[in-house]
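Novice:
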Amino acid sequence: MSSLNLRPVITNDTDRKRPIPSPTLLSPWKFDYAPSPSGKDLNLLIMFHGLGDTKQSFFNLGKSLNLPHTAILSLQAPDPIPLMENPSYSWYDTFDPFFNPLPSPSPTKHLSKLLELLSILTLTEPQGLGWEMNKIHLFGWGQGGSMVLEIGYGLRMWKSNNIIQSDINNSISDVTGLNHSHQVPSQKDVMEGNKVDKSSNLGEVVEEKEKEKEKEKEKEKEKEKEKEKEKEKEKEKEKDENKKKSVKGENVRLGSITSICASLLSHPTTQMNLSTPICLFTRIDPRSAKGKKEESVLRRAFKVVRIVRPLTAISLRRVDGEGGEDMPKGKEEWMEIMRFWGQVLYREQNWGEEVYEVVR
Numbered sequence: 004m005s006s007l008n009l010r011p012v013i014t015n016d017t018d019r020k021r022p023i024p025s026p027t028l029l030s031p032w033k034f035d036y037a038p039s040p041s042g043k044d045l046n047l048l049i050m051f052h053g054l055g056d057t058k059q060s061f062f063n064l065g066k067s068l069n070l071p072h073t074a075i076l077s078l079q080a081p082d083p084i085p086l087m088e089n090p091s092y093s094w095y096d097t098f099d100p101f102f103n104p105l106p107s108p109s110p111t112k113h114l115s116k117l118l119e120l121l122s123i124l125t126l127t128e129p130q131g132l133g134w135e136m137n138k139i140h141l142f143g144w145g146q147g148g149s150m151v152l153e154i155g156y157g158l159r160m161w162k163s164n165n166i167i168q169s170d171i172n173n174s175i176s177d178v179t180g181l182n183h184s185h186q187v188p189s190q191k192d193v194m195e196g197n198k199v200d201k202s203s204n205l206g207e208v209v210e211e212k213e214k215e216k217e218k219e220k221e222k223e224k225e226k227e228k229e230k231e232k233e234k235e236k237e238k239e240k241e242k243d244e245n246k247k248k249s250v251k252g253e254n255v256r257l258g259s260i261t262s263i264c265a266s267l268l269s270h271p272t273t274q275m276n277l278s279t280p281i282c283l284f285t286r287i288d289p290r291s292a293k294g295k296k297e298e299s300v301l302r303r304a305f306k307v308v309r310i311v312r313p314l315t316a317i318s319l320r321r322v323d324g325e326g327g328e329d330m331p332k333g334k335e336e337w338m339e340i341m342r343f344w345g346q347v348l349y350r351e352q353n354w355g356e357e358v359y360e361v362v363r
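In the numbering used here, the protein residues as written are 4 to 363.
1) Quick one: residues in its chain with C-beta nearer than 7 Å to the C-beta of glutamate 227, no 5 flanking neighbours on either side, listed in chain order?
2) Count the other CB atoms, across all protein chains shown, that sit within 10 Å of the CB of alanine 265; report buried if there are 16 or more and exposed otherwise.
3) Pick helix, strand or coil for tyrosine 95, following the three-state DSSP scheme.
4) Excluding five sequence neighbours on each side, which residues of the same chain lie with their C-beta closer than 6 Å to the C-beta of valine 300?
5) Closest to leucine 117 by CA distance: which of Arg309, Ser278, Gly157 is it?
6) Label glutamine 168 either buried or exposed according to how many other C-beta atoms from any shown protein chain fall within 10 Å of its C-beta, with 16 as the threshold for buried.
7) Closer than 7 Å by C-beta to lysine 112: which residues in its own chain qualify, once you throw out the five before and the five after it? Chain order, please.
8) Check isoleucine 75 in the structure and name its three-state DSSP category.
9) Which residue from Lys306, Ser269, Lys234, Gly53 puts its Cα closest to that of aspartate 82?
10) Nearest to phenylalanine 51 by CA position, among Met330, Glu351, Gln346, is which residue?
11) For a test of the three-state rule: what should DSSP assign to glycine 157, helix, strand or coil?
12) With 16 as the cutoff for other CB atoms within 10 Å, does asparagine 89 come out buried or exposed?
13) Would DSSP call asparagine 103 helix, strand or coil?
14) On the CB-based measure, 16 or more other CB atoms within 10 Å of its CB, does threonine 27 come out buried or exposed?
15) Indicate whether leucine 132 and arginine 21 have their beta-carbon atoms separated by less than 8 Å.
16) Only counting runs of 3 or more residues, tell me where the beta strand (DSSP E) segments fall wholly within the segment 28-93, in order along the chain.
17) What residues are listed by DSSP as bridge partners for phenylalanine 142?
18) Helix or strand or just coil, what does DSSP make of glutamate 253?
19) Tell me the DSSP secondary structure of leucine 118 in three-state form.
20) Report, in whole angstroms, the separation of the C-beta atoms of glutamate 298 and proline 313, which I expect to be a contact under 8 Å.
21) Whose C-alpha, out of Leu152, Leu124, Met341, is nearest the C-alpha of arginine 303?
22) So isoleucine 382 and glycine 155 are supposed to be a Cβ contact under 8 Å. How far apart are they, rounded?
23) So, for lysine 236: in the same chain, excluding its five sequence neighbours on each side, which residues have a beta-carbon less than 6 Å away from its beta-carbon?
24) Could you spell out the range, first to last residue, of the alpha helix (DSSP H) harbouring isoleucine 340?
25) Would you please state the rounded distance, in angstroms, between the beta carbons of arginine 256 and threonine 279? I believe it to be under 8 Å.
26) Tell me, to the nearest whole angstrom, how far the beta carbon of phenylalanine 284 is from that of isoleucine 340; I am working on the premise that it is less than 8 Å.
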């Protein structure tokens, strides 16, 4: 009688443990990375520190959140702030050379590089790290909060640009294909290049005729190849059309974006209905003009927006509606953010325990 044995089965190996990013792969970004303590990297939380800070403090914050099955990637802003005692960095220009606040700061300075970073994170190995876009979550405070919102807002345009570039590449390959087809000799070229000398004997004439037949066969083969190329081009065009449709759909989105005391600096003029879920923690009074504008801009850009306001934002209202930019303090102020993450973080889809296969 044969014995039965149990062998553990990994239901989704790609979600178990992700490769640790190397400085070379994510260059030029400086970062700290920690895999999930559980050994199952189902989500990636990217941390964006505030103006004048560094990656280290937010790396520690990310780990202390202890989100289930979540790896932490803390980025450092690229622009050093001069004349500061401690190392301090900025995501975009906020002050002029005389340290006066800019009336309308632009967050687009490094936006394209951050979108390229997302591309590397989502590419398959070895070119990238194999993350799915909807399992990547962004968290930012102050200037970093505005930056993560701008990434979510710019992600759709970035995808469209990739498709446009793909169309350009296809056009270039089309031209290359046409150039190859021009290298096929015409009937006239064949005849002129293979004129039969009247003084030739019969054997030479037959040989020349055979060569002409061979060249005709080659031409037919080239035509067949061109037809195959046309079919391939049609398939590529169809793929690109499907990509364009996906840009308009709900598949192109991040897992979530959480911004602490920072607004979207861009001003969408139409209802965008972008699919990335947004959580905004703000201390600005909702009854103030600034509070109303902050919320309306977000809701014009994104379809799902949760506004979290501590009680102090309403009970301790200031005349100008400002409420400060302090990080959430204590369990009560973090509670709604944690609930938001509880709804958007990717969870295991298996039985919750180890699965075993019966083997003989």
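Heads up, the beta-carbon is just placed ideally off N, CA and C, and yes, glycines get one too.
The model shown is predicted, which means the values in this text are computed figures rather than measured ones.
Specialist: Judging by the given coordinates:
1) Within the sequence shown, the letter at position 224 stands for residue 227. Hits under 7 Å: none found.
2) As a first step, residue 265 must be located in the sequence shown, where it is residue number 262. Buried.
3) Looking up residue 95 in the sequence shown gives position 92. Three-state result, tyrosine 95: coil.
4) Position 297 of the sequence shown holds residue 300. Listed in chain order, the non-local C-beta contacts of valine 300 below 6 Å within the same chain comprise Leu267, local neighbours out to five positions each way being set aside.
5) Taking the first residue of the sequence shown as 1, we reach residue 117 at position 114. Its Cα nearest to that of leucine 117, the residue Gly157 stands out among Arg309, Ser278, Gly157.
6) Here residue 168 refers to the residue found at position 165 of the sequence shown. For glutamine 168, the predicted structure reports a pLDDT of 39, less than 50, and the residue's modelled location is therefore unreliable. A value from the coordinates is still provided. That one is exposed.
7) Locating residue 112 in the sequence shown gives position 109, counting from the first residue. Excluding residues within five positions, the ones whose Cβ falls inside 7 Å are Tyr95, Asp96.
8) Residue mapping note: residue 75 aligns to position 72 of the sequence shown, counting from 1. Isoleucine 75 carries a strand assignment under DSSP once its states are collapsed to helix, strand and coil.
9) By one-based count along the sequence shown, residue 82 stands at place 79. Cα-wise, what sits closest to aspartate 82 is Gly53.
10) Sequence index remark: in the sequence shown, residue 51 carries index 48 (1-based). Closest option to phenylalanine 51, Cα to Cα, is Met330.
11) Indexing the sequence shown from 1 puts residue 157 at position 154. Correct three-state label for glycine 157: helix.
12) By one-based count along the sequence shown, residue 89 stands at place 86. Classification for asparagine 89: exposed.
13) Numbered from its first residue, the sequence shown carries residue 103 at position 100. Correct three-state label for asparagine 103: coil.
14) Looking up residue 27 in the sequence shown gives position 24. Sixteen is the threshold: since fewer than 16 other Cβ atoms of the shown chains lie within 10 Å of the Cβ of threonine 27, the residue is exposed.
15) Looking up residue 132 in the sequence shown gives position 129. Looking up residue 21 in the sequence shown gives position 18. The answer is yes: Cβ separation under 8 Å.
16) DSSP runs (the beta strand (DSSP E)) wholly in the segment 28-93: 34-37, 46-51, 73-78.
17) Start at 1 with the first residue of the sequence shown, and residue 142 comes out as number 139. DSSP links phenylalanine 142 through a beta bridge to Met50, Thr261.
18) Position 250 of the sequence shown, counting from 1, holds the residue named residue 253. For glutamate 253, the pLDDT reaches just 41, beneath the cut-off of 50, and the residue's location in the model is therefore unreliable, leaving the point undetermined.
19) Looking up residue 118 in the sequence shown gives position 115. Leucine 118: helix per DSSP, three-state reduction.
20) Here residue 298 is taken as the residue at index 295 of the sequence shown, counted from 1. Here residue 313 is taken as the residue at index 310 of the sequence shown, counted from 1. In this structure glutamate 298 is not in contact with proline 313, their Cβ atoms being roughly 16 Å apart against a cut-off of 8 Å.
21) Counted from its first residue, the sequence shown places residue 303 at position 300. Selected option, being the one with the closest Cα: Leu152.
22) With the chain represented from 4 up to 363, any question about residue 382 goes unanswered, as that position is not in the structure.
23) Here residue 236 corresponds to residue number 233 of the sequence shown, with the count starting at 1. The answer is none, since no qualifying residue turns up.
24) Your numbering for residue 340 matches position 337 in the sequence shown. DSSP places isoleucine 340 in the uninterrupted alpha helix (DSSP H) bounded by 333-347.
25) The residue given as residue 256 occupies position 253 in the sequence shown. The residue given as residue 279 occupies position 276 in the sequence shown. Sure, about 4 Å apart at Cβ, within 8 Å.
26) In the sequence shown, residue 284 corresponds to position 281, counting from 1. In the sequence shown, residue 340 corresponds to position 337, counting from 1. That pair is a contact at about 6 Å.
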